[in-house]
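The opening residue of the sequence shown carries number 28 in the numbering used here; numbering runs sequentially from there.
Glycine residues also receive a C-beta, built at the ideal position from the N, C-alpha and C atoms.
This structure is a prediction, so every number in the text was calculated from the model and none was measured.
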Amino acid sequence: MRSRKVQFLVISLLIAWSFITYYILMRTNASQLDTEHQQKQLTLQQLLPQTLKEQTKSQRLARTLIEFLHMKYNVVGTTPSISIVAAELSNELPEQQQPAQIPSQTYLANGEPVIPILVFACNRVSVVKCLDNLVQYRPSVEQFPIIVSQDCGDEATKHAILSYGKQVSLIEQPDQSDIVVLPKEKKFKGYYKISRHYGWALNTTFQKGFEFVVIVEDDLNVAPDFFEYFLGTHKLLQQDHSLWCVSAWNDNGKASVVDTGKPELLYRTDFFPGLGWMLTSRLWSELSVKWPKSFWDDWIRHPEQRKDRVCIRPEISRTRTFGKIGVSNGLFFDKYLKHIKLSEDFVPFSKLNLSYLLKENYDNTFLKQIYVLPLVTFDELRRNLIAIEGPVRIQYNTRDQYKRISHLLGLMNDFKSGVPRTAYHGIVSFYYNKRRVHLAPNANWKGYDLSWS
Ligand SMILES: *[C@@H]1O[C@H](CO)[C@@H](O)[C@H](O)[C@H]1NC(C)=O
Ligand SMILES: *[C@@H]1O[C@H](CO)[C@@H](O)[C@H](O)[C@H]1NC(C)=O
């Protein structure tokens, strides 16, 4: 009995002793840590500016790396979230420097126009992927001021834009009032806001006196010769009033249906492509007074606006969309848009003779050539049964024929105001099994049929 009591006492003492020793040890450690922490804070404060600089640099590096991986592996969907993290990190940076003023100069000393790049942004911080490209490839800050127009008032996005400092200008759409729409139109409210934003930003930019403006949306990557493309083509818009836009986009720009050996090739098209496009102040003064409340892109394609005018488009796209978060066209993106090839070559457009694109030259050569080309059937083309070399023509006569053939060839098969994508006088030109192919209506074609939509 007695020895058990002693045993118990000894054990209790041992336990108590270890608790006390442990407590004392912890206290000294903690106070040591405290002073260490204070010292660290001091050095951190000294190091902070340097660290932040490095952080910005590494963010830029990370973005470039992401872009590279994106191109190499086509990883879609992961990049936006990484960009969001990057933007959140940049929120912790001290107040950024002021953005640039919109230049007052509208022509350079050598007489060339100053062509602002107007970037439309709202609440996607992934706009940085677009801006990185633009800043990287811009050949001249004076000739191509980048103006970011922001709607929606999203702070994180604004912060991301301001992180470019003097490299871009920022304008903010002031009217954030709610737009009243009919109940059945509620789901289209976003389109009303986009239209309001476009109207305001284009008015604001053109009011400064520029003759040309290039419009870019916040989900576009641009090609290395994006600026050179517009530099080379702006004179065509001045000269030829049957042209109303130059677009950097090929709706049928999938790698499988373009001639990758012909990055310099350009076309005229009756279809308004958008997605990175240039317009003139002359056109804007005509459109601005009747600008629609919503769906501006369908509106602009309507014959009442288009008036038979056409755009220039490239064989290989100079823009590529990296997809929109939270927009319901994810399926369309996966199935189609992500396969559009972004040109990687640098074509010196401003040094090329592009007069073949003027209406008279083009209609005299292009249109005439098409209708003397050998006529083959879609089946012969698809099964590679054509003995001759060189370009061929396939004929379509009805809407359904067009839809079926273009679908089987991997082309876009929809119409807007009766016009098939990329068509010129009904002719859709593309590349298939190493040859140029023109899907064309018969020679006595009478114009687009609005009911083919
Ligand atoms: C642009 O400004 C003009 C002239 O002030 C005005 O008539 C027009 O309605 C404006 N357009 C848009 C879309 O805001
Ligand atoms: C440019 O090309 C056109 C044909 O499209 C030709 O008539 C003209 O002479 C060329 N101009 C020059 C300067 O080579």
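Apart from the five residues just before and just after residue i, which ones in its own chain have a Cβ nearer than 8 Å to its Cβ?
| i | result |
| --- | --- |
| G445 | Y475, D476, L477, S478, W479, S480 |
| S377 | E255, L258, G259 |
| S196 | P126, A127, Q128, I129, P172, I173, I174, V175 |
| V162 | I173, Y191, Q194, V195 |
I want to see whether chain D comes within less than 7 Å of residue i, judged by CB atoms only; does it?
| i | result |
| --- | --- |
| R328 | Of the chains in the structure shown, none is chain D; there is only one protein chain. |
Going along the chain, which residues of its own chain have a beta-carbon closer than 7 Å to the beta-carbon of residue i, five neighbours each way excluded?
| i | result |
| --- | --- |
| Y164 | V249, P251, F253, F254 |
| N230 | S315 |
| A450 | T296, D297, F298 |
| K289 | E342 |
| Y219 | I206, V208, K320, S321 |
| L394 | H452 |
| Y389 | R295, Y383 |
| Q34 | none |
| L402 | R420, Q422 |
| S283 | G437 |
| S344 | A275, W276, N277, G280, I367, K368, L369, S370 |
CB-CB under 6 Å to residue i, same chain, minus the five flanking residues each way: which ones, in chain order?
| i | result |
| --- | --- |
| G236 | T133 |
| W271 | L310, R336 |
| S274 | P300, W304, C338, R340 |
| H261 | F239 |
| P166 | F254 |
| N150 | C179, D181, T184 |
| D433 | As written in the sequence, residue 433 is Ser, which differs from the Asp given in the question. Answer for S433: N440, listed in chain order. |
| I221 | none |
| Y429 | Y423 |
| D372 | P290 |
| I242 | L145, W304 |
| P140 | Y134, E238, F239 |
| L292 | E342 |
Which residues bound the beta strand (DSSP E) around residue i?
| i | result |
| --- | --- |
| V464 | 462-467 |
| P330 | Element bounds for P330: not the beta strand (DSSP E) but the alpha helix (DSSP H), 330-333. |
| R295 | 293-296 |
| T348 | 346-348 |
| E169 | Here E169 belongs to no beta strand (DSSP E), and DSSP marks it neither H nor E. |
| L270 | 270-274 |
| E244 | 239-244 |
| L247 | 247-249 |
In the DSSP assignment, find the alpha helix (DSSP H) that holds residue i and state where it starts and stops.
| i | result |
| --- | --- |
| E313 | 308-315 |
| A148 | Unbroken run through A148 is the beta strand (DSSP E), 144-148; no alpha helix (DSSP H). |
| F254 | 253-266 |
| L161 | 154-164 |
| R221 | In the sequence under discussion, the amino acid at residue 221 is Ile, which differs from the Arg named in the question. Unbroken alpha helix (DSSP H) run through I221: 216-233. |
| L189 | 182-189 |
Taking DSSP as the reference, what is the three-state secondary structure of residue i?
| i | result |
| --- | --- |
| E199 | strand |
| Y429 | helix |
| V284 | helix |
| P290 | coil |
| L364 | helix |
| P418 | coil |
| N424 | coil |
| P126 | coil |
| S456 | strand |
| I413 | coil |
| K395 | helix |
| W323 | helix |
| Y451 | strand |
| R342 | Strictly speaking, residue 342 in this sequence is Glu, with Arg absent from that position. Note: E342 maps to coil in three-state DSSP. |
| Q194 | helix |
| Y383 | helix |
| Y134 | strand |
| F299 | coil |
| L369 | strand |
| P140 | strand |
| N101 | Here the model assigns N101 a pLDDT of 48, short of 50, so the residue's position is not dependable, and the following value carries that caveat. Of the three classes helix, strand and coil, the one that applies to N101 here is coil, per DSSP. |
| L436 | coil |
| K443 | strand |
| S478 | coil |
I want to know whether the stretch 227-243 touches the stretch 325-339 - three or more CB-CB distances under 8 Å.
no
Just to be sure I understand the criterion: a residue counts if its Cβ is closer than 6 Å to at least one heavy atom of ligand 1. Which residues meet that?
G226, W227, N230, S315, V316, W318
Check your reading: residues with Cβ closer than 7 Å to ligand 3 heavy atoms
Of the ligands this structure carries, namely ligand 1 and ligand 2, none is ligand 3.
So, does the stretch 201-218 touch the stretch 166-175, judging by three or more C-beta pairs under 8 Å?
no
Should the stretch 456-470 be called in touch with the stretch 420-430, which here means at least 3 C-beta pairs below 8 Å?
yes
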